[in-house]
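Asker: Going down the list, the sequences are from chains A and B.
In short: position in the first sequence from 1, add 298, done, that's the working numbering.
In short: position in the second sequence from 1, add 298, done, that's the working numbering.
The beta-carbon is built from N, C-alpha and C at its ideal position, and this holds for glycine as well.
Handing you this structure, nothing more for now.
Number of protein chains: 2
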Amino acid sequence: MSAGGSPPTGDRQPFGDRLSEHVAQRESQVVLGLDPDPAALWPQAHEAAGDTSRPPAQRAASAVLSHCVSLIDAAGPACVAVKPQLACFERLGAPGREALAETIEHASAQGLLVIADGKRGDIDVSARAYAQSLFGGLDTPFGEVPGLGADAATVNPLMGRDTIAPFLEAAGRRGGGVLLLVRTSNRGAAELQDLPLADDPAEAARGDAAPLWERLATLVGELGEDRVGHSGLADVGAVVGATVPEHLRRARALMPSAVLLLPGVGAQGGRVEDLAPAFAPGRAGGLVSASRSISGAHLSSGGDPADAARAEAERLRVLAWGISA
Amino acid sequence: MSAGGSPPTGDRQPFGDRLSEHVAQRESQVVLGLDPDPAALWPQAHEAAGDTSRPPAQRAASAVLSHCVSLIDAAGPACVAVKPQLACFERLGAPGREALAETIEHASAQGLLVIADGKRGDIDVSARAYAQSLFGGLDTPFGEVPGLGADAATVNPLMGRDTIAPFLEAAGRRGGGVLLLVRTSNRGAAELQDLPLADDPAEAARGDAAPLWERLATLVGELGEDRVGHSGLADVGAVVGATVPEHLRRARALMPSAVLLLPGVGAQGGRVEDLAPAFAPGRAGGLVSASRSISGAHLSSGGDPADAARAEAERLRVLAWGISA
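So, in structure tokens, the structure goes:
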């Protein structure tokens, strides 16, 4: 399908095309997860906290920002995007929100795309408010309030497609994407996401009923159909854990044009080597996300945290680029 | 089951008991939803924005705070709790987070419980970070960073029980509760939440397979089993839309000790008169949540916004108290 069918995206190309260009330019499909833990920051970051007369939240947020900037400067060149985990910033209150905005600004200035990982989802008016926060902001009687300017955001689909639409609209207006949770990387994901569905009774009676996650994948496929750019990739993607590579081929079949964000590489046990099916529609079809295995690389390899992070991100980059050739 | 089996809650009683006492004391089961829209604030709130030299986000957040304080002062006396919609504050950036914290502080000072409505859900470490943000904060090398101090929070269960546990832990430590999405109030909720499950093939073949939302309800029931206080109510509750009263009796059977948060009264079409089954375990078994129908009551009734909000909240209070007798 041609890009002519895509919704208007202001002055920007649709997300799939933007991502494709970024991946080609940077020769990377690695997403740098930013999950800053104030108790596990790189040592240099502590200097940015300032003296103890400042409130703890401000000190912690300054240190977190410094850590993220250093991490982006070190590992970013081997990556195509960053993925800030919103929870890690939110727990630092208002200073945390400032640190998040500045982290995003810094990443964008380095040419990295930004995937805001908040897994939001709510009824229409609330979803619209979240989307304003994550993407382009909102106009108020008090003037224009900026959004975080993310290029994509993770969204929880449990509440149904009417709750996803506001995210798609807000993202689409600025060439952004929405990544729906389909099969997550955590151990307990199976409990609900793998439940077999019975809406085809014959299938169910035969015992080969499709699980809930496949229904979520089908939803992603349907939502993406009208939103495929020149690149062959849609504005609607999916989160599929790198920890469940056995589901990747089926996931790809159900979502032929979706960008698959693949978290769980490294600390959670996922291996880049197992992710080949994600790249079927092209090199930008899969995004390999790693957080602690990059920021904490020095803990196992020793040496300078920045050097270790750079090396680990580059190792992942070469691996992913290799299997997606 | 006696409270002896409940987890430790610091110096506080478990959530179910705290809620029961609040409901009895205030003779109310009404939850005041706080969904402030900068474009639809009460007129007086605009004065708090200050002059135009302030950044728009700060002006909007000051006005939103003033609106919420006025709304709480007017309608709060007829309510047992407030339910801030986090999205509405987040979209105002760091000043929005400050306004949220001050709104919560004001509501707590008026003796109202606070239900943080953010519908969060994420893998364990991230869920822990969200829980720190919503409940008691976190200890960092830079000092203690306070949380929002909510009494309860809404949580999205799609990722499974390992992602719910960190919320239960953080809430439980301070006598707080967790309210899991079970059957939401939006029109599109049926799409996924009503999907029939096939894990009992015989049932599926007969065409009477239980839907996903019943499985979510069963999960709430299981998680709550060990967390029931003297009041007969558990720390784990559920969100069940007041827009689907036909499901209430079944929901109550699957979650005999759960606090049911019932959003969707008013603007979304739910009617208090239909909610009786929620109150089976006692008057605090159901919480009737209304937002726009209270804050915007003057739009249909005319008159002063505060007077109209007070009257509408009181009307709901009397209705709910009556049917739960």
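Give me the subset of the segment 428–445 of chain A whose CB atoms are less than 7 Å from a CB atom of chain B, sorted by chain position.
Answerer: For the segment 428–445 of chain A, which is checked against every Cβ of chain B, the residues closer than 7 Å are Tyr428, Gln430, Ser431, Leu436, Thr438, Pro439, Phe440, Gly441, Glu442 and Val443.
Asker: Strictly by DSSP, which residues pair up with A/Asp627?
Answerer: Residue numbering for chain A in the displayed model covers 299 to 623; residue 627 of chain A lies beyond these limits and cannot be assessed.
Asker: Apply the 10 Å Cβ neighbour rule to A/Ala337 and answer buried if 16 or more other Cβ atoms are within range, or exposed otherwise.
Answerer: Result: exposed.
Asker: Looking only at DSSP bridge pairs, what is A/Glu610 linked to?
Answerer: DSSP, once it has assigned bridges, lists no residue as partnering A/Glu610.
Asker: Going along the segment 529–545 of chain A in order, which residues come within less than 8 Å of chain B, judged by CB to CB distance?
Answerer: Residues passing the 8 Å Cβ filter: none.
Asker: Give me the subset of the segment 476–498 of chain A whose CB atoms are less than 9 Å from a CB atom of chain B, sorted by chain position.
Answerer: Here the close residues are Leu479, Thr482, Ser483, Asn484, Arg485, Gly486, Ala487, Ala488, Glu489, Leu490, Gln491, Leu493, Pro494, Leu495, Ala496, Asp497 and Asp498.
Asker: If I measure Cβ to Cβ from A/Arg316 and keep anything under 6 Å in the same chain, skipping five residues before and after, which residues do I get?
Answerer: Only Gly473 meet the Cβ criterion.
Asker: Based on Cα-Cα distance, which residue from B/Arg525, B/Gly409, B/Ala355 and B/Cys366 lies nearest to B/Pro375?
Answerer: Of B/Arg525, B/Gly409, B/Ala355 and B/Cys366, the residue nearest in Cα terms is B/Gly409.
Asker: Pull up the DSSP beta-bridge partners for B/Pro494, would you.
Answerer: Answer by DSSP bridge pairing, in chain order: B/Pro509.
Asker: Please list, in chain order, the chain B residues whose beta carbon lies closer than 9 Å to that of A/Met457.
Answerer: Residues of chain B passing the Cβ test: Lys417, Asn454, Leu479, Thr482, Asn484, Gly486, Ala487, Glu489, Leu490 and Gln491.
Asker: Kindly indicate which three-state DSSP category B/Gln311 falls into: helix, strand or coil?
Answerer: Correct three-state label for B/Gln311: coil.
Asker: Is it the case that the CB of B/Ala338 approaches a heavy atom of the ligand ZN more closely than 6 Å?
Answerer: Inclusion of the ligand ZN in the displayed structure is not the case, the ligand content being empty and no account of it being possible.
Asker: Anyone know if the C-beta pair for B/Gln430 and B/Gly445 falls short of 7 Å?
Answerer: Against a cut-off of 7 Å, the Cβ pair of B/Gly445 and B/Gln430 comes out as a contact.
Asker: Distance cutoff 7 Å, beta carbons only. Does B/Ala347 sit that close to anything in chain A?
Answerer: For B/Ala347, the answer is yes, since a Cβ of chain A falls inside 7 Å of its Cβ.
Asker: Comparing C-alpha positions only, which one of B/Gly600, B/Ser593, B/Gly620 and B/Ser622 sits nearest to B/Asp333?
Answerer: Ranking the options by Cα distance to B/Asp333, first place goes to B/Ser593.
Asker: With DSSP as the reference, label B/Thr541 as helix, strand or coil.
Answerer: Coil, per DSSP.
Asker: Does DSSP put A/Thr401 in a helix, a strand or coil?
Answerer: If DSSP states are grouped into helix, strand and coil, A/Thr401 belongs with the helices.
Asker: Counting only beta-carbon separations shorter than 7 Å, does B/Ala503 have a partner in chain A?
Answerer: At least one chain A Cβ lies under 7 Å of B/Ala503.
Asker: Cβ atoms of B/Ser318 and B/Ala576: under 7 Å apart, would you say?
Answerer: Contact: no.
Asker: Please name the residue in A/Gly600, A/Ala540 and A/Gly435 whose C-alpha comes closest to that of A/Ser587.
Answerer: When each option's Cα is compared against that of A/Ser587, the closest is A/Ala540.
Asker: Could you give the distance in angstroms between the alpha-carbon of A/Gly620 and the alpha-carbon of A/Gly584?
Answerer: C-alpha separation (whole angstroms): 13 Å.
Asker: So B/Val328 and B/Val378 are in contact, right, with Cβ under 8 Å, and what is the actual spacing, rounded?
Answerer: Their Cβ separation, rounded to whole angstroms, is 6 Å, which keeps B/Val328 and B/Val378 in contact under 8 Å.
Asker: Find the nearest neighbour of A/Ala556 within the set A/Thr516, A/Gln566 and A/Glu571, judged by alpha-carbon distance.
Answerer: When each option's Cα is compared against that of A/Ala556, the closest is A/Thr516.
Asker: Using a Cβ-Cβ cut-off of 8 Å (strictly less than) and excluding sequence neighbours within five positions of B/Asp572, which residues of its own chain qualify?
Answerer: Cβ within range, chain order: Ala540, Pro543 and Leu546.
Asker: For B/Glu442, which residues does DSSP report across the bridge?
Answerer: Answer is B/Asp437.
Asker: Beta-carbon of B/Gly302 versus every beta-carbon of chain A: anything under 7 Å?
Answerer: The pLDDT assigned to B/Gly302 is 37, lower than 50, so where the model puts this residue is not dependable; a value taken from the coordinates is nonetheless given after this. Not one chain A Cβ lies under 7 Å of B/Gly302.
Asker: Would you please verify whether the beta carbon of B/Glu388 is less than 7 Å from any beta carbon of chain A?
Answerer: Closer than 7 Å to some Cβ of chain A, the Cβ of B/Glu388 qualifies, so yes.
Asker: Consider the Cβ of B/Pro509: report whether some Cβ of chain A lies at a distance smaller than 7 Å.
Answerer: For B/Pro509, the answer is no, since every Cβ of chain A falls outside 7 Å of its Cβ.
Asker: Which residues of chain B have a Cβ atom closer than 9 Å to the Cβ of A/Glu512, listed in chain order?
Answerer: Result: empty, since nearest Cβ-Cβ is about 11 Å, beyond 9 Å.
Asker: For A/Ala359, which residues in the same chain have their Cβ closer than 7 Å to its Cβ, ignoring the five residues on either side in sequence?
Answerer: Excluding sequence neighbours, A/Ala359 sits near Leu390, Pro393, Gly394, Glu396 and Ala397.
Asker: With DSSP as the reference, label B/Arg472 as helix, strand or coil.
Answerer: Of the three classes helix, strand and coil, the one that applies to B/Arg472 here is coil, per DSSP.
Asker: What separation, rounded to the nearest whole angstrom, lies between the Cα atoms of B/Ala425 and B/Gly601?
Answerer: For B/Ala425 and B/Gly601, the distance between alpha carbons rounds to 44 Å.
Asker: Output the boundary residues of the alpha helix (DSSP H) element that contains B/Pro382.
Answerer: It is not in any alpha helix (DSSP H) - B/Pro382 instead sits in the beta strand (DSSP E) that spans Ala379 to Pro382.
Asker: Going along chain A, which residues have a C-beta under 9 Å from B/Glu325?
Answerer: In chain order: nothing, as chain A lies at least about 29 Å away.
Asker: Would you call the segment 528–538 of chain A and the segment 503–510 of chain A touching, i.e. three or more CB-CB distances under 8 Å?
Answerer: Flag = no, the segment 528–538 of chain A and the segment 503–510 of chain A do not touch.
Asker: Could you give the first and the last residue of the continuous alpha helix (DSSP H) run that contains B/Arg426?
Answerer: Per DSSP, B/Arg426 belongs to the alpha helix (DSSP H) from Asp422 to Leu432.
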